[in-house]
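Taking my numbering, the leading residue of the sequence shown gets 3, the next gets one more, and so forth. Notes follow once the structure below has been shown.
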Amino acid sequence: MRKKINIYEKALIGVVLLLLLLFAWTMYSKPEDPNVANANTSAEKSKKETEQNDLHPENIPFTMPRWSLGTILSISSNTKKAALLVEGEKIDAGLGQKLHFARKQNEQKNQAGIANERKQAAGSDNNKATEQTAEQKIVYLTFDDGPFANSTGILKLLQKYNAEATFFMLAPNIKKYPDAVKQMVDDGHAVGMHGVTHDVKQIYQSPQTVVDEMLAGQSEIEALTGVKTNLIRVPYGSKPHMKDHYLDAVNQAGFKMWDWNLDSLDWKYRNEEYVNKVIHDQETAQKDELVILLHEKETTLAHLEQLLKYYSENGYEMKKITESMPPVQF
Ligand SMILES: [Zn+2]
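Right under this line is the structure:
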């Protein structure tokens, strides 16, 4: 009996020793980083000893890479989530993909370069200001006397700068360049009438002659595009010709008469000077939303990009006039 027991005992001792060796091997073959060992024990301690589940950022479990994410605020072993402070923004990230995503974002931000960081750091207030005013800054570009052959060029530029505009057109030109009118409507611009003769002696003969010239253009546009517009601008603006009874007549006919509050003088300068004029007037203007008078001239188109660039780079939205807006009148 004794012999048998001894053999079993020896075998048992052998097995136990083997198990101990195996256990010791698995324990000591784990990463040597002291933080890692601390992390495991402190994680267990905090689970057992307290209700608090957050680990100290220094004691991150070894399964979690220590990415440079800015500041790690806390890591919850229960929820498997980390609260991170990345560039001033608090992010709740899961310990898996989201954290990786957060790191990627951080890397991308870093790659954006020192210049960008400087800009962000130095001008965060400025950026806010531009963002705020960007929503409010609107300008209404209006083009008179067309359409012409160069309308296509104007439309291309407007599209390039994501700009809307309003075209007040003469009936004979509408007939001559029907494709331009269609394109304007297709591109989402506003179309309106500017009369037929553009001759003071003819159009302002009576209130009815003004209405008739506008009606002629209105039916032309409607026939071409299907759009019945009531927007009008009278030649040379409403002063001094549009006396009260003239104005009553166009209102009665359902038209919305628009003047402007910034004359580009493109008809006078016929060079880039008109762009400088608009920018100067825009920057010294007391009013928020300006209606700019332009013409569909070759010389206007030649420098139009400069103007569109200015508005675009300065956070303006270039919008079209709508019939529900209260008209700007002299
Ligand atoms: Zn005109």
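Beta carbons: idealized from backbone N, C-alpha and C, even for Gly. It should be emphasised that the depicted structure is a prediction, and the values quoted were computed from it without experimental measurement.
| Item | Value |
| --- | --- |
| Residues bridged to T227 [DSSP beta-bridge criterion] | Answer is none; T227 lacks a bridge partner. |
| Three-pair Cβ contact test at 8 Å for the region 275-286 versus the region 166-175 | no |
| Same chain, Cβ closer than 6 Å to I234, neighbours up to 5 away in sequence not counted | G194, M195, M216, F257, M259 |
| D147 beta carbon near ligand 1 (any heavy atom closer than 8 Å) | yes |
| Range of the contiguous beta strand (DSSP E) that encloses I294 | 292-297 |
| Whole-Å CB distance - T302 paired with L296, under 8 Å assumed | 6 Å |
| Given G317 as reference, the closest of Y163, Y10, I9, F145 once Cα atoms are compared | Y163 |
| Helix, strand or coil at M327 according to DSSP, with G and I counted as helix | coil |
| Rounded straight-line distance, which links the Cα of A225 to that of N112 | Legend: pLDDT at N112 = 44, less than 50; position of this residue unreliable, no value from coordinates given. |
| Complete runs of the alpha helix (DSSP H) confined to the region 236-304 [at least 4 residues] | 246-254, 268-271, 275-286 |
| Cβ-heavy atom distance, H200 to ligand 1, below 8 Å | yes |
| Residue from P174, Y312, Y142, H191 with nearest C-alpha to G148 | P174 |
| Near ligand 1: Y238 beta-carbon under 8 Å from a heavy atom | yes |
| From V202, Y313, E222, residue whose alpha carbon lies closest to that of L159 | Y313 |
| Per-residue DSSP class, three states only, for D188 | helix |
| Proximity winner among P237, K321, D214, relative to S251 (alpha-carbon distances) | According to the sequence provided, residue 251 is Ala. The question's Ser does not apply to it. Nearest of P237, K321, D214 to A251, Cα basis: D214. |
| Three-state secondary structure assigned by DSSP to D201 | coil |
| Beta-carbon proximity of S240 to Q331, cut-off 9 Å | yes |
| Span of the alpha helix (DSSP H) around L151 | Here residue 151 turns out to be Ala, not Leu, going by the sequence shown. A151 -> no alpha helix (DSSP H), and no H or E assigned at all. |
| With 16 other Cβ atoms within 10 Å as the buried cut-off, status of E300 | exposed |
| Endpoints, the beta strand (DSSP E) within which A167 is located | 167-171 |
| Counted within 10 angstroms of its Cβ, other Cβ atoms place T324 as buried (16 or more) or exposed | exposed |
| Residue burial classification, K47 (beta-carbon count within 10 angstroms, cutoff 16) | Residue confidence is low: K47 scores 46 on pLDDT, short of 50, so the model does not pin down where it sits. No coordinate-derived value is stated. |
| Nearest to I281 (by Cα), restricted to the options N253, K230, H247, S266 | S266 |
| For D214, the three-state DSSP class (helix, strand or coil) | helix |
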